[in-house]
Every structure is written in structure tokens, then in C-alpha cells.
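The block underneath contains the structure these notes are about, expressed in C-alpha cells.
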Amino acid sequence: MSDTTAPPRRRIELTRTESLRLLRSVSLGRVVFTRRALPAIRPVNHVVDGGHIVIRTHEGAALAGLAATAQQPAPGPAQPPGAAVRRVVVAYEADSIDPVTHLGWSVVVTGYCMPVTDPGELARYATLLKPWWDGRMDYAVRIRPSLVTGVRLLPGCPHALAPAR
Numbered sequence: 003m004s005d006t007t008a009p010p011r012r013r014i015e016l017t018r019t020e021s022l023r024l025l026r027s028v029s030l031g032r033v034v035f036t037r038r039a040l041p042a043i044r045p046v047n048h049v050v051d052g053g054h055i056v057i058r059t060h061e062g063a064a065l066a067g068l069a070a071t072a073q074q075p076a077p078g079p080a081q082p083p084g085a086a087v088r089r090v091v092v093a094y095e096a097d098s099i100d101p102v103t104h105l106g107w108s109v110v111v112t113g114y115c116m117p118v119t120d121p122g123e124l125a126r127y128a129t130l131l132k133p134w135w136d137g138r139m140d141y142a143v144r145i146r147p148s149l150v151t152g153v154r155l156l157p158g159c160p161h162a163l164a165p166a167r
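Numbered per the numbering used here, the sequence shown finishes at 167, counting up by one with no gaps.
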């Protein structure tokens, strides 16, 4: 069934709470960040922990490098303790959409990414979040959601009128 022969669908906006609940129900998504001033997208697995999205990564990974850079003080005069640091904004998307009917849901989280540096948390995430590809994952980053949006695609009314042209 192609989009041209599929029955109409209804799009329902999801609440933040429902969106995060759905995000917890899947383990794979896509992280979107800027690399060399261009958008970059990587498929990754995740865990939702305390309302944050956590991704394990490896040394040398673009995302790990960006998150670590964000923790460094911004250039300029000496910063007082607790001064703001540069932040890296990322987006995270996950979904569960049937490839035939195109029904399901999609959630997008936009927020600040920062490295996880606490050894206890890193050990805990190593237990909770197993790499899905053959590689060493000694680092983790945490996305603190600022904006959470979600949509659910449901069957529409079979007699819905086609949009005017």
C-alpha cells in the first residue's frame, strides 16, 4: 500500500507526559546535532532516566566531543564560579510507525546535551544500555529535554474529503 492508496490518517498531538512514556517504550532512536556547521544524524539506542534521555557513546565520537566541549568555559575574561558554559542543543527522535499502514507515533525531544561524568552513573548506564553494535562505549551523554513534541497517526475517517487544490 503506497501513500496514494492508503486510507486517510488522523494526526493527534501528544502531551509531554505521553510522549516521554512512548519514548521509554522503544530503545532505538536518532540523535541530531551539528557537525562542522551541518546537521548530522546518528541512529543510537537510549534509555529515559529521570526525564532525561541517555545515550552511550565512544571516545572520538562526534557527539561525545560536542558534549565535552559544551562543558568547557566560553572563551573570554575569567569566569566566576558557577558561570554559564556553552551549551550544545541536540534533537532526539524515536518512533514506532508501521511500514505498511503508516500508523503509529513519533516523538521529538529538543534539549541540551551534556556528558555524564559521574563514575557511578556511567557504571549504571553501562548495565542499563548495551551497545547495539560491536564497539566499546565508555562514555555517555545526557539530553535534558526543553521541548518535547509527539504525534500519533491513527486511521482517519474513510469518507474524509480530499484537501482543496
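All C-beta atoms, glycine included, are put in the ideal place defined by N, C-alpha and C.
- Between L25 and A96, the C-beta gap is smaller than 7 angstroms, which places the two residues in contact.
- Scanning its chain for C-beta atoms nearer than 7 angstroms, with the 5 sequence neighbours on each side dropped, one finds around L156 the residues R11, R12, I14, L105, in chain order.
- Listed in chain order, the beta strand (DSSP E) elements of length 3 or more contained wholly in the region 87 to 160 are 90 to 99, 106 to 117, 141 to 157.
- In the DSSP annotation of this structure, the continuous segment of the beta strand (DSSP E) that includes R12 starts and ends at 11 to 16.
- R144 is positioned such that its CB atom lies no closer than 7 angstroms to that of V109.
- CA-CA distance, Y94 to T103, rounds to 24 angstroms.
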